[in-house]
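In this note's numbering, the protein residues as written are 62 to 552. Notes for the one structure printed next.
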Ligand SMILES: *Cc1c(COP(=O)(O)O)cnc(C)c1O
């Protein structure tokens, strides 16, 4: 008998157990202690590249144990921890620990969820996750879709299905010969994915109408309809309106009900970008904000934001999933995926951009079971309550100005009393940079009107009331320090 092949990347059970158990122990300690460390030690790129070393590509291998230990040391000691209870930057959530176990399991079995035959059980689990996400936000059961890498991809996947559905000639003729230029409507505050979509679709920025936001940072419905009527009068062809459910800067939710009605009147595809905010629809008191969402043709949402899945996980839901198949399916001769014995086979490569696909559904599936709907209602409503507490504490403080509060996003500024000569925009920008470098708390920024603001987005199941009280104190203390620096400089 030939000896078993001994490949350099193979690990026998004993070796895997040793490296794996040790890693699991380290991860468990990391989770227990995440709140006791700074959010970041803010290491510079030069420091880190020195630490990682300048070795050329390794010629010969090392043991797995050695490599795993080095990697975990680097990551645990030199990362920015978005799982820290005082991390509120951008829209990056704390990752639920069960997601780490799910990714380990998914990588071990490694199903390719591009085709049913390559991933029998994983495909069924992904189908269930997509259904559950629809139930989570309570849209009709006809909605179906696919998991993707995140919000950008979830929006692109819907966007290209939409323009394909609304411009059926496009698949053959391309954009150039389309009769009557198609027009797409979105708000000035729509997330930047739309600029990429404008450019990559070949429709170009001129095919987009950037409708101004009203004073509540929601798309101005009157100007939207006016713009559509003007375009129609000029023989242009309105094809799609993009609404946002939870805008990135302030968390504002567009008037989806009115947008849905306008879409119906003008025969437009209604896309809702709910990447951040739409999971809040699970909370009964928030439900009204999202009225009209069920009339959407497509919805983007991000389990790696408010559902606390580790990166990456986004989801595209489409009311009529045939639109996805029409846009993305192809049948090359080298695929044997259509099987008469399995007419219900779901080949996910036909639903989106990817071909080979990882099993990102597993972590979302596990998470939805671990928390259940009630668990999410509790976590999401607590995040919202904490964001409101921050707004309230800022409005009560003589040195702070509370600016906006929607969903779990609060914006505020440091405004030193009796210092009219200080430029508040400059002060708050310097303040934000100092806070981010310092590592006690991580906030990001928003520009509201002409105000540069600090912005806290709480998608963090580890944050407590005490953290909120402490960050107010940290902001004020640091704000005083920066004010001193500015005043001393100008003397
Ligand atoms: C975060 C976000 C996106 C982009 O999502 P990624 O997962 O970062 O690609 C798009 N739209 C909105 C409203 C978002 O909040």
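Note that CB positions come from ideal geometry on N, CA and C, so glycine has one too.
Residue j beta carbon less than 8 Å from that of residue i
| i | j | result |
| --- | --- | --- |
| residue 369 | residue 155 | yes |
| residue 280 | residue 315 | yes |
| residue 398 | residue 207 | no |
| residue 303 | residue 246 | yes |
| residue 383 | residue 444 | no |
| residue 265 | residue 467 | no |
| residue 428 | residue 157 | yes |
| residue 425 | residue 182 | no |
| residue 523 | residue 96 | yes |
| residue 147 | residue 464 | no |
heavy atom of ligand 1 below 7 Å from residue i C-beta
| i | result |
| --- | --- |
| residue 188 | no |
| residue 152 | yes |
| residue 309 | yes |
| residue 337 | yes |
| residue 366 | yes |
| residue 122 | no |
| residue 472 | no |
| residue 252 | yes |
| residue 444 | no |
| residue 160 | no |
| residue 467 | no |
| residue 126 | no |
| residue 305 | yes |
| residue 363 | yes |
| residue 278 | no |
Other residues of its chain near residue i: CB distance less than 6 Å, five sequence neighbours each side excluded
| i | result |
| --- | --- |
| residue 321 | 331, 353, 356 |
| residue 386 | 411 |
| residue 471 | 448, 451, 452, 517 |
| residue 282 | 316, 319 |
| residue 173 | 179, 180, 417 |
| residue 513 | 486, 489, 490 |
Proximity test, Cβ basis, 8 Å: residue i and chain B
| i | result |
| --- | --- |
| residue 313 | Of the protein chains in this structure there is only one, and it is not chain B. |
Expected contact under 8 Å - CB spacing of residue i and residue j to nearest Å
| i | j | result |
| --- | --- | --- |
| residue 212 | residue 375 | 5 Å |
| residue 251 | residue 334 | 7 Å |
| residue 149 | residue 98 | Rounded, the Cβ-Cβ distance is 16 Å, inconsistent with contact. |
| residue 475 | residue 536 | 6 Å |
| residue 244 | residue 300 | 7 Å |
| residue 359 | residue 168 | Rounded, the Cβ-Cβ distance is 30 Å, inconsistent with contact. |
| residue 204 | residue 362 | That pair is no contact at about 11 Å. |
| residue 137 | residue 73 | That pair is no contact at about 27 Å. |
| residue 493 | residue 506 | 5 Å |
Spatial neighbours of residue i in its chain, beta-carbon cut-off 8 Å, leaving aside the 5 residues before and after
| i | result |
| --- | --- |
| residue 483 | 477, 544, 547, 548 |
| residue 139 | 102, 104, 109, 112 |
| residue 83 | 126, 129, 130 |
| residue 529 | 447, 450, 451, 454 |
| residue 210 | 373, 374, 375, 421 |
| residue 234 | none |
Contact set for residue i: own chain, Cβ-Cβ below 7 Å, skip 5 residues either direction
| i | result |
| --- | --- |
| residue 152 | 309, 337, 366, 518, 520 |
| residue 115 | none |
| residue 407 | 177, 184, 188 |
| residue 186 | 422, 423, 426 |
Original post:
Three or more beta-carbon pairs under 8 Å between the segment 244 to 260 and the segment 412 to 426, yes or no?
Top reply: no
Original post:
When the Cβ atoms of the segment 335 to 347 are set against those of the segment 197 to 216, are three or more pairs found closer than 8 Å?
Top reply: yes
Original post:
Is it a yes or a no for the segment 78 to 91 touching the segment 113 to 128, going by three-plus beta-carbon pairs under 8 Å?
Top reply: yes
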